[in-house]
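There are 2 protein chains.
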Amino acid sequence: MKFDLKITDPKSKARAGEITTDHGTIETPIFMPVGTVGTVKGVHQSELKDEINPDIILGNTYHLYLRPKIDIIEQAGGLHKFMNWDRNILTDSGGYQVYSLSGRRKINEEGVRFKSHIDGSYHFFTPENVMETQRSIGADIIMAFDECTPYPCDFSYARRSMHMTHRWLKRCINHLEKTPLKYDYNQAFFPIVQGSTYKDLRKQSAEFIASVGAEGNAIGGLSVGEPAEELYAMTEIVCEILPEDKPRYLMGVGTPINILENIALGVDMFDCVMPTRNARNGMLFTAHGTINIKNKKWENDFSAIDEMDITFVDTMYSKAYLRHLFAAKELLGKQIATIHNLGFYLWLTREARKHILAGDFTEWKDKMVNQMNKRL
Amino acid sequence: MKFDLKITDPKSKARAGEITTDHGTIETPIFMPVGTVGTVKGVHQSELKDEINPDIILGNTYHLYLRPKIDIIEQAGGLHKFMNWDRNILTDSGGYQVYSLSGRRKINEEGVRFKSHIDGSYHFFTPENVMETQRSIGADIIMAFDECTPYPCDFSYARRSMHMTHRWLKRCINHLEKTPLKYDYNQAFFPIVQGSTYKDLRKQSAEFIASVGAEGNAIGGLSVGEPAEELYAMTEIVCEILPEDKPRYLMGVGTPINILENIALGVDMFDCVMPTRNARNGMLFTAHGTINIKNKKWENDFSAIDEMDITFVDTMYSKAYLRHLFAAKELLGKQIATIHNLGFYLWLTREARKHILAGDFTEWKDKMVNQMNKRL
Numbered sequence: 314m315k316f317d318l319k320i321t322d323p324k325s326k327a328r329a330g331e332i333t334t335d336h337g338t339i340e341t342p343i344f345m346p347v348g349t350v351g352t353v354k355g356v357h358q359s360e361l362k363d364e365i366n367p368d369i370i371l372g373n374t375y376h377l378y379l380r381p382k383i384d385i386i387e388q389a390g391g392l393h394k395f396m397n398w399d400r401n402i403l404t405d406s407g408g409y410q411v412y413s414l415s416g417r418r419k420i421n422e423e424g425v426r427f428k429s430h431i432d433g434s435y436h437f438f439t440p441e442n443v444m445e446t447q448r449s450i451g452a453d454i455i456m457a458f459d460e461c462t463p464y465p466c467d468f469s470y471a472r473r474s475m476h477m478t479h480r481w482l483k484r485c486i487n488h489l490e491k492t493p494l495k496y497d498y499n500q501a502f503f504p505i506v507q508g509s510t511y512k513d514l515r516k517q518s519a520e521f522i523a524s525v526g527a528e529g530n531a532i533g534g535l536s537v538g539e540p541a542e543e544l545y546a547m548t549e550i551v552c553e554i555l556p557e558d559k560p561r562y563l564m565g566v567g568t569p570i571n572i573l574e575n576i577a578l579g580v581d582m583f584d585c586v587m588p589t590r591n592a593r594n595g596m597l598f599t600a601h602g603t604i605n606i607k608n609k610k611w612e613n614d615f616s617a618i619d620e621m622d623i624t625f626v627d628t629m630y631s632k633a634y635l636r637h638l639f640a641a642k643e644l645l646g647k648q649i650a651t652i653h654n655l656g657f658y659l660w661l662t663r664e665a666r667k668h669i670l671a672g673d674f675t676e677w678k679d680k681m682v683n684q685m686n687k688r689l
Numbered sequence: 314m315k316f317d318l319k320i321t322d323p324k325s326k327a328r329a330g331e332i333t334t335d336h337g338t339i340e341t342p343i344f345m346p347v348g349t350v351g352t353v354k355g356v357h358q359s360e361l362k363d364e365i366n367p368d369i370i371l372g373n374t375y376h377l378y379l380r381p382k383i384d385i386i387e388q389a390g391g392l393h394k395f396m397n398w399d400r401n402i403l404t405d406s407g408g409y410q411v412y413s414l415s416g417r418r419k420i421n422e423e424g425v426r427f428k429s430h431i432d433g434s435y436h437f438f439t440p441e442n443v444m445e446t447q448r449s450i451g452a453d454i455i456m457a458f459d460e461c462t463p464y465p466c467d468f469s470y471a472r473r474s475m476h477m478t479h480r481w482l483k484r485c486i487n488h489l490e491k492t493p494l495k496y497d498y499n500q501a502f503f504p505i506v507q508g509s510t511y512k513d514l515r516k517q518s519a520e521f522i523a524s525v526g527a528e529g530n531a532i533g534g535l536s537v538g539e540p541a542e543e544l545y546a547m548t549e550i551v552c553e554i555l556p557e558d559k560p561r562y563l564m565g566v567g568t569p570i571n572i573l574e575n576i577a578l579g580v581d582m583f584d585c586v587m588p589t590r591n592a593r594n595g596m597l598f599t600a601h602g603t604i605n606i607k608n609k610k611w612e613n614d615f616s617a618i619d620e621m622d623i624t625f626v627d628t629m630y631s632k633a634y635l636r637h638l639f640a641a642k643e644l645l646g647k648q649i650a651t652i653h654n655l656g657f658y659l660w661l662t663r664e665a666r667k668h669i670l671a672g673d674f675t676e677w678k679d680k681m682v683n684q685m686n687k688r689l
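So the sequence lines, in the order shown, correspond to chains A and B. So this note's numbering is basically just the index in the first sequence, starting at one, shifted up by 313. So this note's numbering is basically just the index in the second sequence, starting at one, shifted up by 313.
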């Protein structure tokens with residue numbers, strides 16, 4: 314993997330870059346749509362490519378491990394072939410998903426024992442076997458196995474957990490060196506900064522992570538309920554420490570405003586279920602604010618979903634029609650809203666990049682943040 | 314509406330024709346995908362047009378009346394505009410749907426009182442108000458309000474019901490004459506032959522329906538549980554009586570084999586929820602038989618869904634991937650299966666037309682029926 318930092322905005326810390334892997338180029342900043350079990354819910358691979366057009370998507374190790382199971386993905390020749398996606402894929406390590414299974418998992422130094430949300434069967438994830446699993450899935454970027462602490466989290470737990478995440482990182486790296494690639498392309502490995510919302514811990518963790526010299530670095534354990542200000546404060550501290558010449562990935566963030574603010578702090582990569590999950594609940598993101606399409610006020614609003622016409626759905630369907638589809642619980646409603654929201658998120662990060670390259674990112678960002686902070 | 318009968322197959326009664334309305338030409342035989350509430354479930358209008366490519370789709374008056382409600386459709390300028398579909402639409406009269414609400418509806422000479430399946434509210438459909446409703450929806454072809462009898466149905470009930478359907482037909486025609494068009498294009502009106510599975514009644518009803526001199530004629534009350542042989546026997550009797558120079562529409566039929574056999578008996582138009590509903594349950598129709606994609610045997614079958622490659626989904630995704638989507642209850646599974654099945658149904662009626670025009674329909678039909686009669 315190669316990272317080419319094109320420019321850093323003089324008024325903020327926003328960066329425009331280019332990651333190159335064996336599956337092509339990723340222009341940063343980038344939002345990565347979440348394709349949990351090898352599908353971005355409700356979106357055909359052709360629509361994802363031609364309409365939403367991300368250079369990279371995300372898959373979830375925990376979900377793929379349970380279904381279709383790793384041997385099926387191996388037999389298919391990896392996740393790219395299984396789902397027919399020839400651009401980049403990043404897989405998380407399952408750490409976050411396993412952490413979410415509260416009451417169904419037990420964490421100790423060795424790893425995490427958990428109960429499947431599908432059939433209640435027991436499984437054990439360790440830094441070692443998660444590296445093997447990610448080799449088998451075959452994403453272009455794979456993640457360290459970490460513990461994601463909840464919010465709020467007391468200091469002593471956060472510190473102990475961070476140290477364990479650091480020890481797990483060493484185990485991940487050691488095991489990865491011994492585990493050959495499964496397919497004919499490379500995989501980059503990103504470690505994850507933890508430390509909850511404690512500045513000292515974040516600083517300490519970022520220094521440790523930076524010292525590892527990985528091809529890219531991630532910031533985890535955020536967007537778990539903390540106020541936006543705390544999120545920004547943590548990102549700021551961490552981005553100051555993480556190396557400039559490596560991409561920075563802020564995991565699980567966030568709203569369109571969160572994304573712009575974190576780009577301003579030096580983050581290059583994002584993922585979040587918000588555009589897709591909220592779409593399925595009838596919430597649309599636009600450049601002028603959010604729309605709850607289930608609201609009765611749209612009942613006879615026959616104007617286009619979004620005049621900006623970023624994806625084909627935006628002018629193909631009216632607000633009244635989309636509202637009707639949600640009222641009637643029709644599949645097509647979820648499909649339309651998902652394509653719209655992902656199209657908008659990808660537009661947003663592409664625009665951010667353009668403005669960073671053009672040198673007017675901060676002005677544009679401030680205008681957009683102001684504009685998007687509305688309910689239509 | 315104009316119907317141009319191109320050719321009748323010399324060895325069967327299969328016909329190739331062309332219906333022309335203000336929304337374009339419909340090449341017959343045709344299968345009409347069902348778009349219950351103004352959406353073919355899981356399919357974008359662009360996919361419907363470009364991939365499945367039917368000249369006409371169907372909407373359900375009962376469902377549209379309840380949601381989004383007629384005033385919304387009127388404000389939109391009719392169903393075509395509301396859903397953004399500029400080709401032909403046919404609406405049923407609600408008779409069948411109301412009949413399906415067993416225990417929730419009461420039929421008398423005046424009409425049908427029924428309880429909404431959505432909110433339990435009471436409504437009353439009469440031949441008169443259903444004509445007005447269909448004017449407001451604005452389909453190109455609208456249907457008479459009839460009673461659809463169940464199977465089995467005793468003779469005296471079937472006879473009484475048939476006579477009432479005939480009286481209702483007179484009321485439909487009278488009221489339609491007094492009800493002006495709502496939009497700037499014409500609507501054709503089709504009456505419906507009833508008579509359950511009784512040859513005498515079917516003959517009597519077909520004669521009555523034929524005497525009305527409508528622009529097209531429909532056969533209702535079939536595909537309600539009777540054996541295929543009874544269905545074919547009824548179609549045969551009725552098609553012998555219905556005028557040759559008008560299109561014949563067999564309502565709610567059926568499997569691919571049912572469709573070919575009824576084309577051979579002189580039917581021109583079909584609709585059925587089977588390709589869409591069964592798709593959502595994981596059943597695929599192909600030229601070589603049916604596939605239950607949920608079956609474990611497809612788990613690691615990485616071959617294309619259908620080598621025939623009728624629609625883009627057929628070679629974009631593998632059987633193993635589609636099986637995985639169904640196992641994981643992913644939206645995309647339903648979307649893929651629906652596009653596949655509708656693509657196949659439309660391919661089937663287009664092929665039938667080609668073979669009728671080429672003069673080898675019977676040979677082709679016999680081969681196809683034999684070939685499709687398998688579970689893969």
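Just so you know, even glycine gets a beta-carbon here, dropped at the ideal spot from N, CA and C. Keep in mind it's a predicted model, so treat the numbers as computed, not measured.
query, result
"Flag this pair as touching only if the stretch 320-334 of chain B and the stretch 352-362 of chain B have three or more C-beta atom pairs under 8 Å; answer yes or no.", "no"
"Listed in chain order, which residues of the stretch 607-619 of chain B have Cβ atoms closer than 7 Å to some Cβ of chain A?", "Glu612, Asn613 and Phe615"
"Could you tell me whether any Cβ in chain A is nearer than 9 Å to the Cβ of Gly754/B?", "An answer regarding residue 754/B cannot be provided, because it is not within the stretch 314 to 689 covered by chain B."
"Work out the CA separation of Glu574/A and Thr548/A for me, nearest whole Å.", "10 Å"
"Beta-carbon of Ala650/B versus every beta-carbon of chain A: anything under 9 Å?", "no"
"Would you mind working out which of Asp513/A, Ser509/A, Val537/A and Phe503/A sits nearest Glu528/A, comparing C-alpha positions?", "Phe503/A"
"Say whether chain B places a C-beta atom closer than 9 Å to the C-beta of Val682/A.", "no"
"Specify, as a first and last residue, the run of the beta strand (DSSP E) that Asp584/B falls within.", "Met582 to Asp584"
"Please work out which residues of its chain come closer than 6 Å, Cβ to Cβ, to Ser518/B, disregarding the five sequence neighbours upstream and downstream, and give them in chain order.", "Met475, Val506, Gln507 and Gly508"
"Please report the distance separating the alpha-carbon of Lys634/B from that of Met396/A.", "Looking at the sequence itself, residue 634/B is Tyr, so the reference to Lys does not match. The straight-line gap from Cα to Cα measures roughly 7 Å."
"Given a cut-off of 9 Å on the beta-carbon distance, is the pair Gly534/A and Asp453/A in contact?", "no"
"My guess is that Pro560/B and Tyr658/B are in contact by the Cβ rule of under 8 Å, so how many angstroms apart are they, rounded?", "With 8 Å as the limit, Pro560/B and Tyr658/B do not qualify as a contact, their Cβ atoms being about 18 Å apart."
"Can you list the residues of chain B that Ser359/A reaches, using a CB-CB cut of under 8 Å?", "Phe625 and Met629"
"Going by beta carbon distance, what residues of the same chain come within less than 8 Å of Val347/B, once the five residues before and after it are set aside?", "Val353, Ile370, Leu371, Asn373, Asp584, Cys585, Val586 and Thr589"
"Return the CA-CA distance between His357/A and Tyr630/B, expressed in angstroms with no decimal places.", "10 Å"
"Determine contact between the stretch 588-602 of chain B and the stretch 644-662 of chain B, defined as no fewer than three beta-carbon pairs at a distance below 8 Å.", "yes"
"Quick check: what's the CA-CA separation for Asn487/A versus Pro556/A?", "22 Å"
"In the DSSP output, what is Tyr562/B paired with across the bridge?", "Ala531/B and Met582/B"
"Please list, in chain order, the chain B residues whose beta carbon lies closer than 8 Å to that of Met621/A.", "Simply none; closest approach about 18 Å."
"Given a limit of 7 Å on CB to CB distance, which residues of the stretch 362-395 of chain A reach chain B?", "Arg380, Pro381, Ile385, Gln388, Ala389 and Phe395"
"On the three-pair Cβ rule with 8 Å, is the stretch 431-448 of chain B touching the stretch 406-414 of chain B?", "yes"
"Considering just the uninterrupted stretch of the alpha helix (DSSP H) at Val411/B, what are its terminal residues?", "Gly408 to Ser413"
"At least one CB of chain B closer than 9 Å to the CB of Thr404/A: is that the case?", "no"
"How is Thr338/A classed by DSSP in three states: helix, strand or coil?", "strand"
"Is it buried or exposed, Phe277/B, if we count other Cβ atoms within 10 angstroms and call 16 or more buried?", "This structure gives no information on residue 277/B, because the portion of chain B shown stretches from 314 to 689."
"Under a three-way DSSP split, which group does Ala640/A fall into?", "helix"
"Do the CB positions of Leu544/B and Thr603/B come within less than 9 Å of each other?", "no"
"Pick out whichever of Ile455/B, Asn401/B and Lys678/B has its Cα sitting closest to the Cα of Tyr375/B.", "Ile455/B"
"With 9 Å as the limit, tell me which residues of the stretch 327-355 of chain A have their beta carbon closer than that to any beta carbon of chain B; keep them in chain order.", "Thr349, Val350, Gly351, Thr352, Val353, Lys354 and Gly355"
"For Ala501/B, report the span of its beta strand (DSSP E) as first-last.", "Ala501 to Phe503"
"What first and last residue would you give for the beta strand (DSSP E) that runs through Thr675/B?", "Where Thr675/B is concerned, there is no enclosing beta strand (DSSP E), although the alpha helix (DSSP H) it sits in stretches over Phe674 to Met685."
"State yes or no: is the C-beta of Met444/A nearer than 8 Å to some heavy atom of the ligand GDP?", "Of the ligands one can find in the structure shown there are none, so the ligand GDP has no counterpart to examine."
"Tyr496/A CB to nearest chain B CB: under 9 Å?", "no"
"Compare the Cα-Cα distances from Arg448/A to each of Asp368/A, His479/A, Ile431/A and Gly390/A and report the closest residue.", "Gly390/A"
"Rounded to the nearest angstrom, what separates Val580/B and Ser359/A at their Cα positions?", "37 Å"
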